Structures are given as C-alpha cells and as structure tokens.
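If you're matching positions, the sequence shown starts at 2 in the numbering used here and goes up one per residue. C-beta atoms are modelled at their ideal positions from N, C-alpha and C, and glycine is treated no differently. Computed from a prediction, not measured in an experiment: that's the story for all the values here.
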Amino acid sequence: MLIAVRNKKKKDEVEILEVLSGKITTKYLLVLAQDGERFVPKKFRKIEDDKEIILMPKESLKLLRSDTIYVSKDHFTEDILNLFINMLKSYGAKFDYISLCKFCFIENRINTKGTPYTYHSEPICEICAKSEIAKDLNYKGIKDTKLAEKLLKRYSDVDRVLMVFDPKFDPTRDSSITMYDRIDSSPLDIKIHKISDLDISSEFKDIFFSRGINELTPVQSIAIDKGLFNGNNFLVMSETASGKTLIGELSFFSRYKKGDKLLYLSPLVSLSLQKYEDFRENYPNNSVSLRVGLSRIAENPKDINRSLDSDIIIGTYEGIDQIFRSGITINGISTVVIDEIHMLQDKERGPLLDSLISRLYILCPKAQFIGLSATVGNPKELSDILKMELVSYDKRPVPLERHVIFCTGHGGKLHIISRLIRKENSEISSKGHRGQVIVFSNSRKNCHSLAEHFKTRGINAAAYHSGLPFKERREIENKFWKGKLDTVVTTAALAAGVDFPASAVTFETLSMGIEPLKIFEFQQMIGRAGRPSFHDKGKAYLLIDPQEKYGDVSEEEHCFYLLDNKSEKVDIQYDSDTSLERTLS
C-alpha cells in the first residue's frame, strides 16, 4: 500500500510511504518542480533503515504506477494538491483519497480505518481519540471512560468531550453535553378508562372528581381490564408516580359495604403518616386510623386515631405485624394493600414482611391483596411466589434526560447544583409551569445545611424529611405545589413518598446514610422528575466527585452501575436463623 503525504515544511516535497500491516516500512522523498498545471519529478530519494539512497527521478514513475496511491488530502493545500493530482493523472497512476490520523502518524503508524473525530482541529482516529481521552481523565483521577466515549460518538470532537471534565466547565450553558442518555416516553397503546364509566358508587366517583381525577392512568386501566373489580390479587409494577396507590383504593371502594376494612401496609413511619393524612383528607366520610409506634411520631399522639375498627387502617410492616403477633384480631379486612412490596429483598425487613404476608393470607382468606412495587428484574417469578397476577407498565409519561456532571470536591457540587436550580427556575414548560428541583442528600442534617447554603445564594429552598412535624411538611408541600419554592432538599429515604411536581432531580450524593443507593431506590428517585400535566420532560442530574468513595466503590463506578442497570431481582431467600426467628414469633 502506498500513501502520499506532503512535507509541510517544504511545499515542493512529497513523501511516498510504503505501508505493511499498519507500519511504515519504507519512505520515499519526491522533490517536485511545477510544469504548467502539474508537477514533474525533480529529485528522488529512498530512506530505509535510516539510510538515504539517491535514485533517478524517472524511477519514481515506476513506483507511482506500481500500486494505487492513497493521497492524504489533509496534508496538502488545495493548490499543491491539484498540481500533484494532475501529475498522477498525466502518468496514468491510480489514486484515491484517504484521511490519516496524525497522532498515529507521529508514532510511525498508519490507520486506514478513517478519522471520524477531531482533536485540536486535526483529524484523529478512534483508537487515538480514546487514548487521548483516557490519558486526560486519568490525570484528573477519573477511571471510567463510559460517559466520555458516549460523548465522543455524539460529538466526534475530543476537545468538546474533555471540556465536560474541566473543573471550570459550566453545565448549564449546554446541557446536551452532559446528557448520558434519554429515556423516551411512549404513546399510549391501551384503552384509558374514565372515572364516569367505572362500576363504583356515585359517592366515590364524586370524591375522585373533587380530587381532579377524571380518567385513569395506563397502569390503573390495565388493572381494571385484568379484573381488579373481580377481586383478583395483583402485583402492580410500574414507574414512580404512575398512580399505583389508587388501584388499591379502587379495589376497596368498588365493593365497599359497611364493616369492610382496608389494611394499608407501608415500609416507613413517615410514609404511613403521610398516607394517614391523605386518606383522611380524601375520604372524610370514612374513618381512618394509624398504627405505628407513638414514639416515632413527632406530632401530638393524642391527635392520632389508633382504632382498629376504622374503615381504613394504615401502618408500618412492623406496627401491623406486632398487632397480629399479640393475638389481636382485626375483623372485616376486605382489601390488603402492601406498598413497596419489593422490600422483600431487604435482608433486615424482608423476613418480617414475608411472614406478615403469609399470616395475612391465612387470617384474611377472602381479602383482595394488592402489592405495589417498583420495577424489578424478575416480575413474573415474584408474582408467582406471591400468588398474585402481574400488572406491569414500564412506560414513562414524559421523556427523561439523565445527566452526569463531574465535580471537584463538595464545594464544586454545591456550586453546580445552585446553577442547575437557577436554570430550571428560569425555564417555563409549554404547560406554563416554572421548573423546580428536588435535591437528594443522604441525611437529615445535610438536608438542612444544603437548604441553608442555597438560601444564602438567593434560592428559595427548604429541607424536607421525616423528622419534621407533619404540619411543617404539609406547608412545604403546599408551597412547592404553588411554585413558591425553587427547591426542596430531601433524603433518599423519602423518595418513595415525595410527591412534588419537580421538573428535575439532582443527586448531591449517591448514598442513603453510608450505604450506596440500590437500583430500585435510584429508579424511584429519578422517577420523580417530570409530570405530564406540568412538564415537557424530566431531568436527572448525577454529580460525581472522582475522589469520593463508598467503601471500596468509587462514586464514579457506582454512578454508571446505577445508570446501566434498570432493575434488580427480588430474591426472597433469608438465612436460616432469621427464618426460624420469624417462624417462632
């Protein structure tokens, strides 16, 4: 293979390279003289093994005609290229054009696969582009090049890719640069049921209408079509904020008669308390009670209804389990809703929940069981184990952009989060709503410190966590819904119950406490970004410090683990000691 490149230092000199297996084996130097509109050979030399051999100029014609000449256009100016090509044509030499990687060329290599990328405005091959990126990132302490390689394919410009990892980079100027991927929304391919058409009493229809609910969501409509009103047991698996809770409500009220009870199980005291207030507000004509440890409630316990004769009984797994293990009977349970049923995989609480579900199946054989779950990796297997029919819908109502932003230190993260909040606040969706942000942190203390930091930057922020009095949480929720807050800072623990119309979520950390986030927790958190009635799309920003670690795993590694895995299997297997303990209890 012969390749022609011009010696830029001498405009009348061209190098003819003999290439074998990507290596330059022999180099020829051809000095040219202009003859009208073409060049003609003037001097000819051969360089082999660092030795220069002077040849007759006419011998160059034999070389040029011996094989196709691949001309590197990038090495020639237009006028010199035209003179050289005219010479090749006049001598009957076959030629074609090729784009060479100059970085390979410096290393005495020839890459004939093309140069789809640029670096410092010079063409560069894929191998050298990735090599230059890896060297730069390694110098910055960044080991994983996944994001960089995605960006390289998107932009074909090494300089633009490396800009993302520059500490001075401002991600708010062009958010497309930091976007890791985009999860598109899907058109509805199912029949959506209207509340007015449902086989429930007019009293409960009016309640739904008063809440602004006129039609069901896709997953709710699927549940209706699969026989929700026939008493079937369901495992409902769908994205966060898709309306899973309402399926349990529809189940209960579709066949409600005096004396029937809805038992609602929740994993957290804070979520149980929130559901308690929600049900009291939504169903004022029905009695609602809460069963959790009174010491866990920040409000005055005297204000909490704890009766087991209420129409709707809400409690934590542990609170309800304690009631049954104490030998107390709750009569009339017609519907059991188990929220966050994927908690069965939790090593600490899974065995308790597993035994509680088994106990309820025995004690309430005529009840309808509704399990509510985040997306898991083995939905059919889990539904079979739980003896529930699977209702699954994993489509998003609005697109979700997922962004990765590299930062230097905690201060760098806070600076960028502040800019992201301001950017979201400045944007108005086509629905007329201003952007707002949920910032996730890993502790209540950090929630307050971050909120105070943002306030000093002129951002209307509030800390929001389960340790706050319920009244204060309600005030924060109302302010956010009315657009009076730019951002709330909350813990990962509340991700399952944070019900805010946020256009974006931002991760100040990828841990809950000291433990790295699990996949289903992460999915719930990013699911909070974007509401179809408020926003055109949702955005999730993961801020990464290459020096941060969670045990032996870097924050960077855990970031891409979460992004590249959509769900994880729920494995209902516990150690023998734990299982025996639950059986004996």
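#### Entry: 7 Å CB neighbourhood of residue 94 in its chain, flanking five on each side removed
Around residue 94: 65, 66, 70.
### Task
List the DSSP bridge partners of residue 524.
None, per the DSSP bridge assignment.
#### Entry: Distance between beta carbons of residue 449 and residue 464, contact taken as under 8 Å
5 Å
### Query
Short check: CB of residue 394 to CB of residue 571, under 9 Å?
no
### Query
CA-CA distance, residue 558 and residue 445?
Distance between the alpha carbons of residue 558 and residue 445: 25 Å.
### Query
According to the neighbour-count rule (16 or more other Cβ atoms, all chains shown, within 10 Å of its Cβ), is residue 282 buried or exposed?
exposed
### Task
Let me know the secondary structure DSSP gives residue 466 once reduced to three states.
coil
### Query
In this structure, does DSSP put residue 509 in helix, strand or coil?
coil
### Query
Should residue 49 be labelled buried (16 or more other beta-carbon atoms within 10 Å of its own) or exposed?
It is exposed - the Cβ of residue 49 has fewer than 16 other Cβ atoms within 10 Å.
### Cβ-based burial, residue 200 [other Cβ within 10 Å; buried from 16]
With a threshold of 16 other beta carbon atoms within 10 Å, residue 200 falls short and is exposed.
### Message
If you follow the alpha helix (DSSP H) that residue 457 is in, where does it begin and where does it stop?
### Response
That run of the alpha helix (DSSP H) goes 445-457.
### Message
Which same chain residues end up closer than 7 Å to residue 81 when comparing Cβ atoms and leaving out the 5 residues on each side of it in sequence?
### Response
Once the five neighbours on either side are set aside, the close Cβ partners of residue 81 are 7, 12.
### Query
Cα separation between residue 387 and residue 377?
14 Å
### Query
Name the DSSP bridge partner or partners of residue 372?
236, 339
### Message
Check this for me: beta carbons of residue 292 and residue 330, under 9 Å apart or not?
### Response
no
### Message
Taking the alpha-carbon of residue 458 as reference, which of 135, 543, 488, 231 has the nearest alpha-carbon?
### Response
That would be 488, whose Cα lies nearest to the Cα of residue 458.
### Task
Note the first and the last residue of the continuous alpha helix (DSSP H) segment covering residue 205.
From DSSP, the alpha helix (DSSP H) with residue 205 extends over 203-211.
### Query
Could you give the distance in angstroms between the alpha-carbon of residue 518 and the alpha-carbon of residue 203?
44 Å
### Query
Mind checking whether residue 135 and residue 118 have CB atoms under 9 Å apart?
no
### Message
Considering only the alpha carbon of each residue, which of 521, 531, 533 lies closest to residue 566?
### Response
521
#### Entry: Cβ shell of residue 223 (< 7 Å), same chain only, five flanking positions each side left out
191, 392, 394
### Task
Look at the Cβ atom of residue 491, then the Cβ atom of residue 466, and state whether they are nearer than 9 Å.
Contact annotation: residue 491 and residue 466 have beta-carbon atoms nearer than 9 Å.
### Message
On the DSSP bridge list, what partners appear for residue 429?
### Response
435
### Message
Quick check on the burial criterion: 16 or more other C-beta atoms within 10 angstroms. Buried or exposed for residue 97?
### Response
exposed
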